[in-house]
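Just so we're on the same page, this note's numbering is the position in the sequence shown counted from 1, plus 26.
Think of the CB as a built atom: it goes at the ideal place given N, C-alpha and C, for glycine as much as any other residue.
All figures in this text were calculated on a predicted structure; none of them were measured in a lab.
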Amino acid sequence: MSSCVRCCTSYHRKCIGNAPQELMTITHRAFLCHRCYNNTPKGLNAPDPRLPNRRLDETDLLYEDKNENELPMDLFIKSARSKWKQPSAEFDLPDDLLQELRSALIVACNGLAPAPYVMLRRSLYLHNKTRDLLPVTDVFICSCDPLLGCDDNCQNRALQQECEMTTCPCRNFCSNRCFSTQPSDANHLTLFLTEKKGWGVKTNRFIQPGELVIEYVGEVIDKKTWEARKKKMTRYDHMYFMALNQSEIVDASRKGNLARFINHACDPNLQVEKWYVHRIPRLGLFAKTQIAEGEELSYNYSVKWFGNREFAQRCYCGALNCTGYLGRAPE
Numbered sequence: 027m028s029s030c031v032r033c034c035t036s037y038h039r040k041c042i043g044n045a046p047q048e049l050m051t052i053t054h055r056a057f058l059c060h061r062c063y064n065n066t067p068k069g070l071n072a073p074d075p076r077l078p079n080r081r082l083d084e085t086d087l088l089y090e091d092k093n094e095n096e097l098p099m100d101l102f103i104k105s106a107r108s109k110w111k112q113p114s115a116e117f118d119l120p121d122d123l124l125q126e127l128r129s130a131l132i133v134a135c136n137g138l139a140p141a142p143y144v145m146l147r148r149s150l151y152l153h154n155k156t157r158d159l160l161p162v163t164d165v166f167i168c169s170c171d172p173l174l175g176c177d178d179n180c181q182n183r184a185l186q187q188e189c190e191m192t193t194c195p196c197r198n199f200c201s202n203r204c205f206s207t208q209p210s211d212a213n214h215l216t217l218f219l220t221e222k223k224g225w226g227v228k229t230n231r232f233i234q235p236g237e238l239v240i241e242y243v244g245e246v247i248d249k250k251t252w253e254a255r256k257k258k259m260t261r262y263d264h265m266y267f268m269a270l271n272q273s274e275i276v277d278a279s280r281k282g283n284l285a286r287f288i289n290h291a292c293d294p295n296l297q298v299e300k301w302y303v304h305r306i307p308r309l310g311l312f313a314k315t316q317i318a319e320g321e322e323l324s325y326n327y328s329v330k331w332f333g334n335r336e337f338a339q340r341c342y343c344g345a346l347n348c349t350g351y352l353g354r355a356p357e
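See the structure below:
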C-alpha cells in the first residue's frame with residue numbers, strides 16, 4: 027500500500043495509476059495527497075511529515091515495482107511480521123467535522139451514526155403532577171362474541187382504548203390489545219440513511235392497514251419543562267416533541283425508540299393516534315394504507331410555521347401534494 031502521510035488516503039501500488047495525478051510522491055510507500063498539500067497549514071499547527079530515518083529494504087515492500095506481479099507468499103508473510111511502522115505525522119480534523127463531533131451530531135465509528143440516545147421500551151414520566159388519566163366512568167366492557175374475539179365492531183376499539191384482560195369477555199381471544207402485545211424490540215423496522223432527509227425508518231415486512239407499527243415513546247414532561255428545553259435549542263437542533271395532551275409532552279430527544287427517526291411526508295403512510303391503555307394515554311403510529319416490505323415509513327408532522335419564511339424547514343418527501351415544507355406552507 028501507498029499512503030498519505032497526513033490523512034488516511036491510501037492506494038494499492040498496482041492501482042496508483044488510477045489515482046489523482048496531484049500526488050506529491052515522498053517515497054515508494056508514502057505520498058502527500060492533493061487535499062493535504064493544498065489545504066493543510068504548515069508550521070506549528072501541522073508540521074511537515076517526518077520521513078523514515080532508515081533505508082528501506084525489500085521486506086518493507088508489499089508490492090514490487092519491477093514487475094506487476096504479487097510478491098511470493100513467504101516474502102509477504104515476512105513483510106507482514108516485520109516491525110515496520112507507517113511514518114508518523116500529525117493530522118488535524120476539519121473544523122466543521124470537529125464541531126459535529128463535539129455537539130454529538132455524529133459519533134466516531136465505522137461510518138457515521140446518529141447522535142447517541144437512550145433506548146426506551148415505555149415512556150418515562152419525569153413530572154410529579156397529576157396525570158391526565160381516562161376517567162373511571164369512561165372505562166367500558168365490550169360486548170364482543172367470545173367465540174369470534176374482538177373485531178372492528180368492538181366498542182373499545184372505536185373509542186381508541188384497549189380492553190382489560192380481566193374484564194373482556196373474549197379473554198385470550200381479544201385482539202384489541204395492540205399496545206400490550208406489541209414486541210418491544212421492533213425487529214420489523216430498520217434504521218437507514220436517506221439521501222436528503224437524514225436518518226429514516228423502513229419496514230422489513232408487509233404491514234396491514236390499521237396495524238400498530240410502533241409506539242412513540244420518550245420522556246413525558248410538563249409544559250414548564252418543555253418551555254425550558256425549547257429555550258436551550260437552536261434552529262439547527264432536531265426536535266422530537268409530540269403533544270400527549272394539553273398538559274403533557276413526549277420528548278424523545280434524549281430517550282426514545284426508532285419512532286423518533288420516522289420522517290415527515292405530505293402524503294404519509296402512517297398516522298398518529300392516542301389510545302388509552304389501563305387508563306393511561308399512549309401515542310401510536312398506525313398504518314393508513316398497505317405498506318410494502320422495504321418502504322420508508324412517514325407521518326405528517328402538522329407543523330405550523332410563524333415568522334420568517336426562510337427559517338421554515340423544507341420538505342423533500344416528493345409527494346404530489348408536497349407543500350415544500352414540514353406541514354402547511356408558511357404564509
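- In this structure, Val243 and Leu146 form a Cβ contact; the two beta carbons are roughly 5 angstroms apart against a cut-off of 8 angstroms.
- The DSSP assignment places complete beta strand (DSSP E) segments of no fewer than 3 residues inside the stretch 193 to 277 at 215 to 219, 225 to 229, 238 to 242, 245 to 248, 267 to 269 and 274 to 277, in order along the chain.
- Remark: C-beta atoms of Lys223 and Asn289 approach each other more closely than 8 angstroms.
- Across the set Val144, His153 and His38, the C-alpha of His153 shows the shortest separation from the C-alpha of Ser273.
- By the neighbour-count criterion, in which a residue is buried when 16 or more other Cβ atoms sit within 10 angstroms of its Cβ, Asn202 is buried.
- Contact annotation: the stretch 276 to 284 touches the stretch 234 to 253, with at least three C-beta pairs closer than 8 angstroms.
- DSSP places Phe337 in the helix class (H, G or I) of the three-state scheme.
- Nearest Cα to Asp293 within the set Val303, Tyr302 and Tyr327: Tyr327.
- Secondary structure of Gln125 (DSSP, three-state): helix.
- In the structure shown, Arg308 adopts extended strand secondary structure according to DSSP, grouped into three states.
- When Cβ pairs closer than 8 angstroms are counted between the two stretches, the stretch 168 to 176 is seen to touch the stretch 200 to 217, the count reaching three or more.
- For Gln316, no beta strand (DSSP E) run applies, since DSSP gives it neither H nor E.
- The Cβ-Cβ distance between Phe267 and Gly226 does not fall below 8 angstroms.
- Out of Trp331, Ile275 and Leu296, the CA that lies nearest to the CA of Arg308 is found in Ile275.
- The beta-bridge partner set that DSSP reports for His290 consists of Tyr325.
- Closest by C-alpha distance to Ser206, out of Trp331, Arg305, Gln339 and Cys348, is Arg305.
- Spanning the alpha carbons of Cys170 and Gln187 requires a straight line of approximately 15 angstroms.
- In terms of CA proximity to Tyr342, Thr220 leads the group Thr220, Cys180, Asp164 and Val165.
- Shown here, Gln181 sits in a helix according to DSSP, grouped into three states.
- For Lys330, there is no enclosing beta strand (DSSP E), as DSSP gives it neither H nor E.
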